[in-house]
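Take a look at the structure set out below.
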Amino acid sequence: MKKSLLMGIIALTYGMSAPTFASDTATLTISGRVVEPTCSADVVNNNVQQKCGQSLHLSNVSHVDPVPAKGVVTEVVSVPGDSLRQIVLNRYD
120 MKKSLLMGII
130 ALTYGMSAPT
140 FASDTATLTI
150 SGRVVEPTCS
160 ADVVNNNVQQ
170 KCGQSLHLSN
180 VSHVDPVPAK
190 GVVTEVVSVP
200 GDSLRQIVLN
210 RYD
């Protein structure tokens, strides 16, 4: 009984001290390239301009027809206390 208790204490002590002396190191290498965004959206003269590559799409946010698109839900919300400002929310599935 005393021998197994002593062996248990030694094993426990060794197991608790092993991480203290660990000196594992690692190197992380990230390779790739930085590219410009392919699509952007800007507001110019109260019109939303969406640019993707060379194409330009103009949107009128004062009259929005709900057109469902797969994976995208667009919602126009008026700013409380300001009838001229609106927020366009796009949610993606």
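Okay, so the sequence shown: first residue is 120 according to the numbering used here, each after it adds one.
Ideal placement from N, C-alpha and C gives every residue a C-beta, glycine not left out.
It should be emphasised that the depicted structure is a prediction, and the values quoted were computed from it without experimental measurement.
- Inter-residue distance for Val207 and Thr144 is about 48 Å (C-alpha atoms, whole angstroms).
- The residues Cys171, in chain order, have a CB closer than 6 Å to that of Cys158 in the same chain once the five nearest residues on each side in sequence are set aside.
- With contacts defined as CB atoms closer than 8 Å, Val192 and Gln205 fail to qualify as a contacting pair.
- Relative to the Cα of Glu194, the nearest Cα in the group Ser202, Gly127, Tyr211 belongs to Tyr211.
- Arg210 is bridged by DSSP to Val192.
- In the DSSP assignment, Leu175 falls within the beta strand (DSSP E) that extends over 174 to 178.
- DSSP places Leu147 in the coil class of the three-state scheme, outside both helix and strand.
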